[in-house]
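In terms of the numbering used here, the sequence shown opens at residue 9 and continues consecutively.
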Amino acid sequence: MTDSKFEGFRKGYKWLFRLPGTSLVLSATAGIFMLELLLAPAVGYDVRLFLTSAFTTGLPYLVSVLADRSVLTPRRALGFFLVYLLLLLPLILLKKPPVAASTVTVLLSFLVFIAVARRRALILYLSVYLALTYLFAPTYAYASLTVLVLYALLALPVLLTIDKRVRQVAGVGGLKYLRGFLRYTLSGEKDEVEECIKASSTRKTVPIHVFIFRSGSEVIGRLVVSGVHPGPLRTLGSSTLPEKVVTKCPPTLFLKAPAGHGENLAVSSEVDRVAEEVCGALSLKELPSTVRLGLAQGKLVSSLAIRLPGVSLCLLDPQVPMEDLPPSLREEFERKGVVLADLHNMISEDYLQLPESPDSAPELYLEVLRTIQESLEASVAEGQLKAGFAWIGFSDGVSIGKAGIACLAVEVGGKIVGVISFDGNNMTPKLKARLLQEVGKRVDYLLVGTTDTHVLTGVFQGVDYYPVGTFNEEALLEKSVKCLEEAKNNMRECSVLYGVYPVSSFFMDNTKLKGLSAATRLNVRDGLVLAVIALALYPLLLFLT
């Protein structure tokens, strides 16, 4: 999500981090443990006290792994223990009791367990820690318990505030929402987070437009323009819609209509049903194959109009770095029998975002509306339709998803239009320019777009997503040429069948998403404050003991 109104989600997500591989964490933990084991007698530190503290601090993590293995993995348990060992090292050098290291580690673990673990895992972890400390280190048990109780009393009002903020916006508690999202991020469990998303969603109907190109009785390909937005991230909601549709009924060229995160499906279980319907026997109307092409160049977008009797399709090509065109554009033109496709093909740090309401930026809306209307009225070619499709199943797992690269070549009145769709989220300006220059010379008009899939969004630490063209630029150019040439070679006279599949389901509520983003920003702040307080107790305990 790069929209500024979702900044709270972005900043919150960037605090997540991925531990190194198990072998590296294990090696680091074993290395520091052996270092401290050798260092303790060398500086006159009580080795028995060191081993007892390590045992009473480490064993509860192993027990908690058994209670919630999907999230509390052995690698993450080692990660907690590694934090303890790092905090313990200064205490050994200063010949201080280990209570500061063990207690602060438990406080940090308490926060993490609250956020990600099942309640039984948290209760089991704390119970085992306190029991072991009481049995094997009774001298420090009461000090540790006192700090834990005081910290819990301090944290409880903050945690209740975090929970309440989200509940007021979404109708679901903030801690449940956070736990569901983090469990999905850490283990892939969807049920809890999608239950929360659905509870804060709205039931509505969003159309998917389907153009089937047929030569005689043979279907030669589909062009799908989806009002359903392929988000919000990874495999949640409708993120996988492009790959499900494209791989179910190839060759299909998938584009999105003007849409944003308010058009995300709430639950991913709906995607298979939608793909089945889109690729199945829709109620379609066969259109006469006489087509007119129109083209208009605007400051914000260019528009190539394919005018069929009964329906028109306008492919909107951003001329400046831009995020999602708003659904209000789609709705306005659908009433006029015009289908809009947002090619979503240029992004940089400084990008334009059209607001959802035309009243918020009337001059920008007027510019886009004027360009679309000009393309519908213009005529650069007219005649019988020829079309050909091609598909390359290429995915780099970083910027291109499993729907790969799809191409459509259309010939009308001697003019050839090429459309290339990459299964990714937006595109670098450099790749777009190179495609238009190096591949565009093979046709009269070339349009490049992306499916706006969010499958790869939120996968990489500290990065929302990688636009198409961030990697493998030369390979993408080569495959684009191959795909487009194949589509041109496949061109034949055809007719077009057109239909609309209305998707009636629960969709994310844009108003609630904005509220959730604002609440998330505040909740991240409060959570970090609790973590800082826990760390601040380390020097205090060091001084007191």
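Using N, Cα and C, we set each Cβ at its ideal position, and we do this for glycine too.
Nearest-angstrom Cβ-Cβ length linking Met-516 and Pro-240, presumed shorter than 8 angstroms: Cβ-Cβ separation between Met-516 and Pro-240: approximately 7 angstroms, consistent with a contact (criterion under 8 angstroms).
For Asp-534, collect the residues of the same chain with a Cβ closer than 8 angstroms to its Cβ; drop the 5 residues on either side in sequence, then sort them by chain order. Hits under 8 angstroms: Val-166, Thr-169 and Ile-170.
Return the chain-ordered list of same chain residues with a C-beta closer than 6 angstroms to the C-beta of Val-275, the five sequence neighbours on each side being excluded. Answer for Val-275: Glu-202 and Lys-206, listed in chain order.
Starting from Glu-558, follow the alpha helix (DSSP H) in both directions and report where the run begins and ends. Residue numbering for the chain in the displayed model covers 9 to 553; residue 558 lies beyond these limits and cannot be assessed.
Does the distance from the C-beta atom of Val-55 to that of Leu-45 stay below 9 angstroms? Taking the C-beta atoms as reference points, Leu-45 is found nearer than 9 angstroms to Val-55.
What is the residue span of the beta strand (DSSP E) that Asp-325 lies within? Under the DSSP assignment, Asp-325 falls in the beta strand (DSSP E) whose first and last residues are 319-326.
Alpha-carbon to alpha-carbon, Pro-335 and Leu-550: One C-alpha to the other measures close to 58 angstroms.
Per-residue DSSP class, three states only, for Leu-351: Leu-351 carries a coil assignment under DSSP once its states are collapsed to helix, strand and coil.
Need the endpoints of the beta strand (DSSP E) that Thr-298 sits in, please. Thr-298 -> beta strand (DSSP E) spans 298-305.
At least 3 beta-carbon pairs within less than 8 angstroms: the segment 404-411 vs the segment 339-354: Result no; under three Cβ-Cβ pairs closer than 8 angstroms.
Between the C-alpha atoms of Gln-305 and Leu-321, what's the straight-line distance to the nearest angstrom? Answer to the nearest angstrom: the Cα atoms are 16 angstroms apart.
Helix, strand or coil for Arg-533, going by three-state DSSP, please let me know. DSSP places Arg-533 in helix when its eight states are reduced to three.
Quick check on Leu-290: does DSSP put it in helix, strand or coil? Secondary structure at Leu-290: coil, using DSSP grouped into helix, strand and coil.
Check whether the segment 344-362 touches the segment 425-435, counting contact only when three or more Cβ pairs, one atom from each stretch, lie closer than 8 angstroms. Touching, per the Cβ criterion.
Report all residues from its chain with a CB closer than 7 angstroms to the CB of Phe-78; omit the five preceding and five following residues, and keep chain order. Note that residue 78 corresponds to Ser in the displayed sequence, not to Phe. Sequence-distant partners of Ser-78 (beyond 5 residues in either direction) whose C-beta falls short of 7 angstroms from its own C-beta, in its chain, are Ser-195 and Glu-197.
Outcome for Glu-251 when other beta-carbon atoms lying within 10 angstroms are tallied against a minimum of 16: Classification of Glu-251: buried, given that the 10 Å Cβ count is 16 or more.
Contact belief for Met-263 with Ser-429 at Cβ below 8 angstroms, rounded distance in angstroms: The amino acid at residue 263 is misidentified as Met; the sequence shows Leu. In this structure Leu-263 is in contact with Ser-429, their Cβ atoms being roughly 6 angstroms apart against a cut-off of 8 angstroms.
With a threshold of 16 other CB atoms inside 10 Å of the CB of Glu-278, please say whether the residue is buried or exposed. Buried, because 16 or more other Cβ atoms sit within 10 Å of the Cβ of Glu-278.
Where do the N-terminal and C-terminal ends of the alpha helix (DSSP H) with Tyr-359 fall, by residue? That residue, Tyr-359, is in no alpha helix (DSSP H); it is neither H nor E in DSSP.
Limits of the beta strand (DSSP E) - the one that Lys-516 falls within: What sits at residue 516 in the sequence shown is Met, not Lys. Residues 503-516.
Have a look at Ser-291 and Ser-311 and give me their C-alpha separation to the nearest angstrom. Using only the alpha carbons, I get a separation of about 28 angstroms.
According to DSSP, what are the bridge partners of His-217? Within the DSSP secondary-structure output, His-217 pairs in a beta bridge with Val-233 and Val-508.
Pull the bridge partners of Ala-395 from the DSSP assignment, please. Partner(s): Val-418 and Arg-500.
Taking the beta strand (DSSP E) that Ile-408 falls in, what are its first and last residues? Careful: Ile-408 lies outside any beta strand (DSSP E) and carries neither H nor E.
Euclidean distance between Cα positions of Pro-370 and Pro-363: So the alpha carbons of these two residues sit roughly 10 angstroms apart.
Between Leu-538 and Thr-111, is the Cβ-Cβ spacing less than 9 angstroms? No. Outside cutoff.
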